[in-house]
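Trainee: Residues 64 to 198 (the numbering used here) are what the sequence shown spells out, left to right. A single structure is presented below for examination.
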Amino acid sequence: MSRLVVLAAVLVAGLAGCSSTQEAADSAPPDLQGTWTGTSNYADVDGSAKGGPETLVIERQEGPLLWGYTEYTDIDGSAKQEAITGTLAANDAVVLTEKATLWQGEYDDGSLTFVVSWTKGEDNHSAFQMTMTKK
Numbered sequence: 064m065s066r067l068v069v070l071a072a073v074l075v076a077g078l079a080g081c082s083s084t085q086e087a088a089d090s091a092p093p094d095l096q097g098t099w100t101g102t103s104n105y106a107d108v109d110g111s112a113k114g115g116p117e118t119l120v121i122e123r124q125e126g127p128l129l130w131g132y133t134e135y136t137d138i139d140g141s142a143k144q145e146a147i148t149g150t151l152a153a154n155d156a157v158v159l160t161e162k163a164t165l166w167q168g169e170y171d172d173g174s175l176t177f178v179v180s181w182t183k184g185e186d187n188h189s190a191f192q193m194t195m196t197k198k
């Protein structure tokens, strides 16, 4: 009988350990480092639809903190690369900032979905939603 009690206690302790290990794994932020690509499409103030390929490169991640850059074609047709920083919240919400631009979104099952908005001066402001996947 005492062997049965000891065995039951060991099994319960083992299961409790698995539970806390799983909780710790669930609370760790996902690894977002790498190159993410998507396509923007937005309404421009001149009345036209604009957009094109967008690249987000997350070069460094320390827990929830993120550093990297974006690559895109600007409103004037020039190629741009902007430094970006941000954070990943416990619920997988992602907030990134670059010069005069705010990226708000979430990580879900291998993709990032953002609403990107910017105001960079007269006639250079808008917003779009974009889903990005990791290359």
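Yeah, the Cβ is synthetic: ideal placement off N, Cα and C, and Gly gets one too.
Counting C-beta neighbours from all protein chains within 10 Å, is the total for Glu125 16 or more, i.e. buried, or is it exposed?
Mentor: Looking up residue 125 in the sequence shown gives position 62. The residue in question, Glu125, is exposed, as its Cβ has fewer than 16 Cβ neighbours within 10 Å.
Trainee: Are the beta-carbon atoms belonging to Glu134 and Thr160 less than 8 Å from one another?
Mentor: Here residue 134 is taken as the residue at index 71 of the sequence shown, counted from 1. Here residue 160 is taken as the residue at index 97 of the sequence shown, counted from 1. No, Cβ-Cβ distance for Glu134 and Thr160 is not below 8 Å.
Trainee: So what does DSSP say about Ser111, is it helix, strand or coil?
Mentor: To locate residue 111, count along the sequence shown from 1; it is residue 48. In the structure shown, Ser111 sits in coil (DSSP, three-state: anything other than H, G, I, E or B).
Trainee: Would you kindly work out how many angstroms separate the C-alpha atoms of Thr148 and Gly140, rounded to a whole number?
Mentor: Translated into the one-based positions of the sequence shown, residue 148 becomes position 85. Translated into the one-based positions of the sequence shown, residue 140 becomes position 77. Going from the Cα of Thr148 to the Cα of Gly140 covers about 24 Å.
Trainee: Taking the alpha carbon of Val178 as the reference point, which residue from Thr98, Thr194, Trp99, Ala163 has its own alpha carbon closest?
Mentor: Translated into positions along the sequence shown, residue 178 becomes position 115. Comparing Cα positions, the closest option is Thr194.
Trainee: Is Gly53 buried or exposed, if buried means 16 or more other CB atoms sit within 10 Å of its CB?
Mentor: Any answer about residue 53 is impossible in this case: the structure gives the chain only from 64 up to 198.
Trainee: Taking the C-alpha atoms as reference points, what is the distance between Asp109 and Ala152?
Mentor: Translated into the one-based positions of the sequence shown, residue 109 becomes position 46. Translated into the one-based positions of the sequence shown, residue 152 becomes position 89. So the two alpha carbons sit approximately 36 Å from each other.
Trainee: Looking only at its own chain, which residues have a Cβ that is under 6 Å from the Cβ of Ile138, when we skip the five neighbours before and after it?
Mentor: For the purposes of this step, residue 138 is taken as the residue at position 75 of the sequence shown. For Ile138, where only same-chain residues beyond five positions count, the Cβ hits under 6 Å are Asn187.
Trainee: From the DSSP output, in three-state form, read off Ser90 for me.
Mentor: On the sequence shown, position 27 is the one that residue 90 refers to. DSSP places Ser90 in helix when its eight states are reduced to three.
Trainee: So the candidates are Ala91, Ser90, Thr176, Gly131; which of them puts its Cα closest to the Cα of Thr102?
Mentor: Translated into positions along the sequence shown, residue 102 becomes position 39. Comparing Cα-Cα distances from Thr102 to each of Ala91, Ser90, Thr176, Gly131, the minimum goes to Thr176.
Trainee: Apart from the five residues on each side of it in sequence, which residues of its chain come closer than 7 Å, Cβ to Cβ, to Leu78?
Mentor: Here residue 78 is taken as the residue at index 15 of the sequence shown, counted from 1. Confidence is the limiting factor: at Leu78 the pLDDT is only 48, short of 50, which leaves the residue's position unreliable and the question unanswerable from this model.
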